[in-house]
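See below for the structure under consideration.
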Amino acid sequence: MRFMVMVRATKASEAGDLPDEKLLSDMGKFNEALVKAGVMLAGEGLQPSSKGARVRFSGTKRTVIDGPFAETKELIAGFTMIQVKSKEEAIEWVKRWPVEDGPVELEIRQVFEMEDFGAAVTPEIRDQVDRIRESSSKK
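Count along the sequence shown from 1, add 3, and you get the number used in our numbering.
The structure is reproduced here in structure tokens:
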């Protein structure tokens with residue numbers, strides 16, 4: 004099972020404040036543990052929403068909204084993708100996440116697998132997904 008662990012933004016992360024050396028070191032050690040255990044697939048921090056944009060769809064109309072975005076508590080500041088055997092295992096890993104002082108909230112969400120879509124996944128769709136994954140993994 005794959006899970007995305009999302010780090011919620013804070014006023015500090017939205018202000019562009021970078022983590023200190025200790026937190027970067029602790030996060031590096033944690034990520035090394037994830038890699039050593041064979042569960043880490045990817046992980047990155049995100050720039051503040053002031054450097055981002057949203058695209059809103061309404062019928063055929065596309066509207067671009069530049070950041071920053073108001074609701075900090077609803078924003079994501081980073082993510083890690085892990086592959087584990089269960090949600091409980093994902094939770095156990097996340098409990099070990101290094102944090103600075105202050106409230107930090109991490110959200111854990113399971114990623115859909117092709118099997119979750121049942122009969123809607125035709126052999127053609129499965130082949131297409133396999134080609135896309137193979138092609139993107141080479142970059």
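Just so you know, even glycine gets a beta-carbon here, dropped at the ideal spot from N, CA and C.
Excluding the 5 residues flanking residue i on each side, which residues of the same chain have their C-beta closer than 7 Å to its C-beta?
| i | result |
| --- | --- |
| residue 47 | 81, 82 |
| residue 123 | none |
| residue 100 | 33, 109 |
Quick check on DSSP: helix, strand or coil for residue i?
| i | result |
| --- | --- |
| residue 102 | coil |
| residue 114 | coil |
| residue 8 | strand |
| residue 120 | helix |
| residue 91 | helix |
Locate the beta strand (DSSP E) running through residue i, then write down its first and last residues.
| i | result |
| --- | --- |
| residue 86 | 79-86 |
| residue 132 | From DSSP, residue 132 is part of no beta strand (DSSP E) but of the alpha helix (DSSP H) over 126-140. |
| residue 64 | 64-69 |
If I follow the unbroken alpha helix (DSSP H) through residue i, where does it start and stop?
| i | result |
| --- | --- |
| residue 30 | 24-39 |
| residue 54 | Premise fails: residue 54 is in no alpha helix (DSSP H) and is neither H nor E. |
| residue 14 | 14-17 |
Here's a check: name, in chain order, each residue in its chain whose Cβ is nearer than 8 Å to the Cβ of residue i, leaving out the five neighbours to either side.
| i | result |
| --- | --- |
| residue 70 | 51, 52, 53, 54, 55, 56, 57 |
| residue 130 | none |
| residue 72 | 52, 55, 57, 78 |
| residue 30 | 22, 101 |
| residue 89 | 4 |
Excluding five sequence neighbours on each side, which residues of the same chain lie with their C-beta closer than 6 Å to the C-beta of residue i?
| i | result |
| --- | --- |
| residue 44 | 84, 86 |
| residue 110 | 9 |
message: For the region 59-76 against the region 28-42, do three or more pairs of beta-carbon atoms, one drawn from each stretch, fall closer than 8 Å, so that the two count as touching?
response: no
- request: Would you be able to state if there are at least three C-beta pairs under 8 Å between the region 4-21 and the region 86-101?
  value: yes
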